[in-house]
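In what follows, a structure is listed as structure tokens, so that the remarks can point back to it.
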Amino acid sequence: SGAPNADIEPELSYGQIFRQTVEEFASEAQSHGIELNYVDCSLLFRGSQVALKRALNNLLVNAIKHSGGSKVSIGVRRKADRIELMVVDNGNGEFQLASSNGGAGLGLGIVRELCKDNSWFFDIESRPGKGTCARIGISR
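So for the sequence shown, this note's numbering puts the first residue at 89; every next one is plus one.
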């Protein structure tokens with residue numbers, strides 16, 4: 089195996105990536121009165137950490153600034169063929185309206201591009217009065 093190459097990112101678990109992301113956004117979430125949390129997951133992420141963090145960052149910014157809710161959670165669901173990352177909020181579920189109010193749509197466009205570039209699945213589902221769930225599916 090030899091000496092580690094400086095260009096190769098150390099392998100991180102989904103939980104470690106979630107923790108870093110939540111720590112990065114803690115004060116912004118707090119300033120919007122939002123409780124931000126994540127579900128730990130020891131499964132190792134294989135792929136571009138930069139792309140995944142950018143996608144998560146954009147989803148978190150969108151949820152914090154535009155959901156109108158009090159909670160945002162990041163979690164993961166193991167499916168037979170893929171791992172699904174979820175950013176879930178308990179906001180008004182009117183995410184479509186958010187794109188006309190302060191550019192929320194822009195961040196989602198970036199997430200779509202990142203997912204397309206990495207062959208990840210991206211889906212977002214809003215239920216009025218219940219909140220929004222954004223999902224990124226990564227093949228196992």
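Every residue, glycine too, gets a C-beta built ideally from N, C-alpha and C.
Residues bridged to residue i by DSSP?
i: Ser161; result: Asn125, Val176
i: Cys221; result: Val176, Glu213
Quick check on the burial criterion: 16 or more other C-beta atoms within 10 angstroms. Buried or exposed for residue i?
i: Val127; result: exposed
i: Phe210; result: buried
i: Asn125; result: exposed
i: Asp177; result: buried
i: Leu132; result: exposed
i: Asn93; result: For Asn93, the predicted structure reports a pLDDT of 49, less than 50, and the residue's modelled location is therefore unreliable. A value from the coordinates is still provided. Exposed: under 16 other Cβ atoms inside 10 Å.
i: Val164; result: buried
i: Lys130; result: Residue 130 is actually Ser in this sequence, not Lys. Ser130 should be labelled exposed.
i: Ser214; result: buried
i: Ala151; result: buried
i: Ala143; result: buried
Can you give me the C-alpha to C-alpha distance between residue i and residue j, rounded to a whole angstrom?
i: Arg223; j: His120; result: 23 angstroms
i: Gly135; j: Leu173; result: 14 angstroms
i: Ser115; j: Asp205; result: 30 angstroms
i: Ser89; j: Glu99; result: Only weak support exists for where Ser89 lies, its pLDDT of 49 falling under 50; the value from the coordinates is given anyway. Roughly 15 angstroms between the two C-alpha positions.
i: Gln137; j: Gly217; result: 33 angstroms
i: Ile212; j: Gln118; result: 24 angstroms
i: Ile198; j: Tyr102; result: 21 angstroms
i: Gly219; j: Glu201; result: 23 angstroms
i: Glu112; j: Arg166; result: 25 angstroms
i: Gln108; j: Ser161; result: 14 angstroms
Can you tell me which of the options puts its alpha carbon nearest to the alpha carbon of residue i?
i: Gly181; options: Lys159, Ala139, Ala168, Phe106; result: Lys159
i: His154; options: Ala143, Lys167, Leu196, Ala168; result: Leu196
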